[in-house]
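A.B. asks: Chains as they are written, first to last, in the numbering used here: chain A, -11 to 223; chain B, -11 to 223.
Let me give you the structure first, and then I'll get to my questions.
See the structure below:
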């Protein structure tokens, strides 16, 4: 068995990615990065998901990206709500965090080197997040090339780093079906950009809408805990 | 005037790099990343250096790399002392922090995008730190290529990211002479891997020895504050 590092936010995509890596036979080292956007409950949920899916270890790295700002997720910019799919696709959204996946993968690379892993899994998706430059295959391939130049492990040539994004071309409904097949408990995952301290979703941000539509398209019940004030229905 | 982000640890190399970027006419946004290795006094010194050299802003980002370990600088491994130059050059040292410059440059890239900068300066040096894979020109070039794929700013094509490492091929003595020419006050810089809470250097770690030899080779007085217990003399 080889070791793999899996970036785990605790949402649908990263949880399914973890289950996928495990199903391939990897010893999974889960890594959650809290860049200032996460409530404690979401990190606890990530830990719970890592454990329930059989990860060997789970680490949480805190990085204070509020210090550099530039995103609705780390700044005081409002998270947009009730947007249509075409509005979401029209431009890179304010929830874009500058250089987010570069930073996340950089930390994952450091963790990989520490645990002797050459395989890094990320739940990046180029369909739902068409506007995010760092969710594209070209970016992920460039990061893997960088990783082999960047590290003691890469330079010593004991292996070649690879960045795996098994969900990159799947629809949200396909991801949900794959997750259910791999026994991911989606009732424990948190996707919302504005979840409250209990992990309850707003139901209105882009992430909530994509998630809700995904369950509808997959024809399975939506197990999400919405806040009582949340809109319950455009799916 | 263009904006530039300069990674500033507050040591000789990064302080000289900041002065160099300023001398080229950039508006400088200094960024210090505290990955668990720095005393408060060192960050205060970095802030003081940024201000004295005319940076427009200085941000400090805290990232808890202790959570992933793997280095004498973030872990409970002892920092080696009293090593000869050939011992230092023989292998990648235990002070190597896994994926350090990938993480630092990733954060710098996020800050650059936030302030509208396409130029990132880093005090990397391929002579003194021959053993660090992420201080090599090939790594820095690969990071710049990645940056243009990774970001909204890069994808929108308003500019091309560049990573500048003006000290990459200079000896420590050359760096010191360049810093003095640019009015860097080296008495305020902290280099030591094991500085105390007053910023006083141990005089024995690899970083201290390279620094001390640099002042000797440059034929200028060493303004470093050593701890009273520090060895005062192999230069």
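Think of the CB as a built atom: it goes at the ideal place given N, C-alpha and C, for glycine as much as any other residue.
Output, in sequence order along the chain, the residues in the stretch 28 to 50 of chain A whose CB is closer than 9 Å to any CB in chain B.
C.D. replies: Cβ contacts with chain B: 47, 48, 49 and 50.
A.B. asks: Could you give the DSSP three-state label for residue 152/B: helix, strand or coil?
C.D. replies: Here residue 152/B sits in strand by DSSP.
A.B. asks: List, in chain order, every chain B residue whose beta-carbon is nearer than 8 Å to that of residue 52/A.
C.D. replies: Going along chain B in sequence order, the residues near residue 52/A (Cβ under 8 Å) are 49, 50 and 51.
A.B. asks: Beta-carbon of residue 140/A versus every beta-carbon of chain B: anything under 8 Å?
C.D. replies: Taking Cβ atoms only, chain B reaches closer than 8 Å to residue 140/A, which makes this a yes.
A.B. asks: How far does the beta strand (DSSP E) with residue 47/A in it extend, from its first residue to its last?
C.D. replies: First-last of the beta strand (DSSP E) with residue 47/A: 45 to 50.
A.B. asks: Give the C-beta separation of residue 146/A and residue 101/A to the nearest angstrom, bearing in mind that I take them to be a contact with Cβ-Cβ under 8 Å.
C.D. replies: No, residue 146/A and residue 101/A are not in contact; Cβ-Cβ is about 11 Å, not under 8 Å.
A.B. asks: Who are residue -5/A's beta bridge partners in DSSP?
C.D. replies: According to DSSP, residue -5/A bridges with 19/A.
A.B. asks: Near residue 183/A, which residues of its chain fall below 8 Å by C-beta distance, leaving aside the five closest residues on each side in sequence?
C.D. replies: So the qualifying residues of the chain are 27, 29, 30, 189 and 190.
A.B. asks: Would you check if there are 3 or more beta carbon pairs closer than 8 Å linking the stretch 158 to 169 of chain B to the stretch 121 to 138 of chain B?
C.D. replies: The stretch 158 to 169 of chain B vs the stretch 121 to 138 of chain B: no contact.
A.B. asks: Taking only runs of the alpha helix (DSSP H) that begin and end inside the stretch 112 to 171 of chain A, which ones reach a length of at least 4 residues, in chain order?
C.D. replies: Here the runs fully enclosed are 125 to 138, 140 to 144 and 160 to 169.
A.B. asks: Could you check whether residue 94/A and residue -5/A sit closer than 8 Å to each other, using their CB atoms as the reference points?
C.D. replies: Not a contact, by the Cβ cut-off of 8 Å.
A.B. asks: At least one CB of chain B closer than 8 Å to the CB of residue 143/A: is that the case?
C.D. replies: So, interface residue.
A.B. asks: When the cut-off is 8 Å and only beta carbons count, does residue 77/A lie next to chain B?
C.D. replies: By this cut-off, residue 77/A is not an interface position.
A.B. asks: Taking 7 Å as the limit between beta carbons, can you name the residues of its chain near residue 25/B, skipping five residues before and five after?
C.D. replies: Closer than 7 Å at the Cβ level, and outside the excluded window around residue 25/B, lie 61 and 62.
A.B. asks: Would a check of beta-carbon distances place residue 1/A closer than 8 Å to chain B?
C.D. replies: It does not: the Cβ of residue 1/A has no partner Cβ on chain B nearer than 8 Å.
A.B. asks: Alpha helix (DSSP H) containing residue 107/B: first to last residue?
C.D. replies: Where residue 107/B is concerned, there is no enclosing alpha helix (DSSP H), although the beta strand (DSSP E) it sits in stretches over 107 to 109.
A.B. asks: Buried or exposed: residue 42/A, going by 16 or more other Cβ atoms within 10 Å of its Cβ?
C.D. replies: Answer is exposed; the Cβ neighbour count stays below 16.
A.B. asks: Residues in its own chain within less than 8 Å of residue 36/A by CB, not counting five upstream and five downstream?
C.D. replies: Hits under 8 Å: 176.
A.B. asks: With 8 Å as the threshold, decide whether the Cβ of residue 84/A is near any Cβ in chain B.
C.D. replies: Output row for residue 84/A: interface = yes.
A.B. asks: Spatial neighbours of residue 3/A within its chain, please: CB distance less than 6 Å, with the 5 preceding and 5 following residues excluded, ordered by chain position.
C.D. replies: For residue 3/A, where only same-chain residues beyond five positions count, the Cβ hits under 6 Å are 37, 172 and 177.
A.B. asks: Could you tell me whether any Cβ in chain A is nearer than 8 Å to the Cβ of residue 223/B?
C.D. replies: Its pLDDT being 39, under 50, residue 223/B is placed unreliably by the model, and nothing is read from it.
A.B. asks: Let me know the beta strand (DSSP E) ranges lying completely inside the stretch 54 to 109 of chain B, each 3 residues or longer, listed in chain order.
C.D. replies: As far as the stretch 54 to 109 of chain B is concerned, its whole beta strand (DSSP E) runs of at least 3 residues are 107 to 109.
A.B. asks: List the residues of chain B that residue 247/A touches, going by C-beta distances under 8 Å, in chain order.
C.D. replies: The structure shown does not extend to residue 247/A, since chain A is modelled only from -11 to 223, so the question has no answer here.
A.B. asks: Helix, strand or coil: how does DSSP classify residue 35/A here?
C.D. replies: Helix.
A.B. asks: Taking C-beta to C-beta, are residue 103/A and residue 132/A nearer than 8 Å?
C.D. replies: Not a contact, by the Cβ cut-off of 8 Å.
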